[in-house]
Each structure stands twice: as structure tokens, then as C-alpha cells.
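Residue numbering for the sequence shown follows our numbering, beginning at 276 and increasing consecutively.
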Amino acid sequence: MPRLFRNRLNDLDPKEWLKFQKSWFIHNPPPRKPGVLQHPAKFPETLAQEFIEFFTKKGGWVLDPMAGTGSTLIACLRAGRNGVGIELNAEYAKIARKMVRQERKALGEAARLLQVKLITGDAAKAPTFKLPQFDYLLTSPPYWDMLRMRGAMTQKRRRESRDLDVFYSDDPRDLGNVSDYDEFVERLAQVYESLNAYLRPGAYLTIIVKNVKKGGKIYPLAWDLGRRLGQTYTLKDERVWVQDNQRLAPYGLGSAWVSNTFHHYCLQFRNEE
276 MPRLFRNRLN
286 DLDPKEWLKF
296 QKSWFIHNPP
306 PRKPGVLQHP
316 AKFPETLAQE
326 FIEFFTKKGG
336 WVLDPMAGTG
346 STLIACLRAG
356 RNGVGIELNA
366 EYAKIARKMV
376 RQERKALGEA
386 ARLLQVKLIT
396 GDAAKAPTFK
406 LPQFDYLLTS
416 PPYWDMLRMR
426 GAMTQKRRRE
436 SRDLDVFYSD
446 DPRDLGNVSD
456 YDEFVERLAQ
466 VYESLNAYLR
476 PGAYLTIIVK
486 NVKKGGKIYP
496 LAWDLGRRLG
506 QTYTLKDERV
516 WVQDNQRLAP
526 YGLGSAWVSN
536 TFHHYCLQFR
546 NEE
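Okay, here's the thing in C-alpha cells:
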């Protein structure tokens, strides 16, 4: 007699579960809506929804402590989950609230009973906020001070537009402005560690990061964060997010090996009991 499949983690069937277990995946985000173009490094809500639906059940609670323009919160509404976001930049928080309102209106009755909240504040002060207990944490932090690097082609195009942000802010609390690498990794890890008490035992954390190229060398941000945050949470696995629709640039052509980096590391941590 076959054993009855009991799913304690999510609402997926075995076939859907197995598909998500592939260690790498291709996800090319749809074009960004005009209302969120101001943010220089928006996280796609289509990708966020896939992770939320795997690591939670309907009605669960999701936290994004660096919410940007609200991608995780929009994904929560679409997936039938409750969500809380924290965002330091007041302008991005304003955009996020507007996008959430529009999404609620579009979803209608399906989103009526869901609780989605955006807090304007510093994620480093999250323990001072009145937060519920969460079933999942999903976020993509600043990739160190990568957005301050003037050589990036994407940044050049945004700079020429004059209406779009090239970096997050000039706020000294903004981790994207920390120039010392070791200090950045430590402060970022401390933010996630401070949220430990708000994550239920067994809850997962997905942190999406890249290794950073700067000054002719690689800073292994994903690996260093995995090692440092492993002091509090258990690093369970990784998924590699690949974007295969990006235009190649001839970096180092004819003289040196310089890759076109079109992948991110989706680090999976767990708050072990």
C-alpha cells in the first residue's frame, strides 16, 4: 500500500515540489512597470512568488526586511500569504504602498482578508517594531556598494536618464553605502540575526546575493555571508538563479578573463529548533 503523501511545508503536489528542487533555474523577469523604475535594483515579484509558494502554506506570514518597492509584498498577495516589509528609503516605501494598493484592487476578493504591511524604518532596528511571528523570510540585500561603481553599463544608462536612481540613498544607515567589505558583511549578518526571535522554529530564510567584482578581484559575498550567518542559522542549500537574456559585453577581450556575471545565489538558511 503506497504511503500517503503528507506535506508539512507548502501546498504543492509532489511533481511541483520536485521541480523546485533543481539546484539552478532560469528566470528572466518581465519588463518593470513604470512606477518602480526609480529603484536601481528591483527584485522581481514573479521570482519571489515561486519561493514564497514553496516555503509557506496559504495564509502564512512572510517577512522582507529590505523591501524596496514591495516585490515580496506583491508576491504575498498573489500567493495568498500575509506579509510585512521594512524599507529604509521613504520614497521607495511610498512607491511600495502604492503598488500594493494597486495589486489589492486588481486581485479583488482574493486579497481581501490578507494582511500586508510596509514599515518605513531601519531593518537594523527591527526588534523595536511590533512584529508577528513569521513562517519565512525572503529578501535581497544590497550587493555591498556595487551600485556606487561608476563603470557598470547599466548604471551608465540610468545616470544618463537623470530621472532614475543610480544607488539607493546617501543615508549613512544604508548598507549600500558601507565601503569596508568586512564591516558590510558583519552589519548585514547582524540584521538577519536580530530577527531570529521573530522566525518560528523550522522557518526558512532565503537571501539572494551575488559575489561582487571590484578593483580587479572577486569578493565572495554570497559565501562569506553564508559562513557568517551560519553562526545563527543552518545553511541548508543554495539555488543558482540564472538570467540568460542579458547582452554580453567584451570585458578584457584579447587580454584577460573577465566573466559576464548573470547569476545570483539564493541561499537557503533554516532556523533550526
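We treat Cβ as the ideally placed atom computed from N, Cα and C, and that holds for glycine.
- With respect to Ala354, Gln324 sits close: the two C-beta atoms are nearer than 8 Å.
- With contact defined as three or more Cβ pairs closer than 8 Å, the segment 389-402 and the segment 341-349 are in contact.
- Taking 8 Å as the cut-off, the Cβ atoms of Arg514 and Trp292 do not count as close.
- Taking C-beta atoms as the reference points, Phe544 and Tyr508 count as a pair closer than 8 Å.
- Less than 8 Å divides the Cβ of Asn486 from the Cβ of Ala497.
- Scanning its chain for C-beta atoms nearer than 7 Å, with the 5 sequence neighbours on each side dropped, one finds around Asp420 the residues Gly451, Asn452, Val453 and Ser454, in chain order.
- Assignment of Asp457 by DSSP, reduced to helix, strand and coil, places it in the helix class.
- A contact between stretches requires three or more CB pairs, one per stretch, nearer than 8 Å, and the segment 335-342 meets this requirement with the segment 395-408.
- Listed in chain order, the beta strand (DSSP E) elements of length 3 or more contained wholly in the segment 482-544 are 487-489, 492-494 and 509-517.
- By the criterion of a C-beta distance shorter than 6 Å, Pro407 is surrounded in its chain by Trp336, once the five residues flanking it on both sides are discounted.
- Sequence-distant Cβ neighbours of Gly527 in its own chain, meaning closer than 8 Å and more than five residues away, are Val533.
- Between His302 and Leu284, the C-beta gap is not smaller than 8 Å, which leaves the two residues out of contact.
- In terms of Cα proximity to Arg356, the closest of Ala365, Phe326, Pro289 and Phe295 is Phe326.
- Arg475 sits in a strand when the DSSP states are folded into three classes.
- Where Tyr367 is concerned, the enclosing alpha helix (DSSP H) starts and stops at Ala365 to Leu382.
- By the beta-carbon neighbour count (other beta carbons within 10 angstroms, threshold 16), Phe409 is buried.
- DSSP places Trp419 in no beta strand (DSSP E); its state is neither H nor E.
- Per the C-alpha coordinates, the member of Leu500, Val359, Glu547 and Lys290 positioned closest to Leu338 is Val359.
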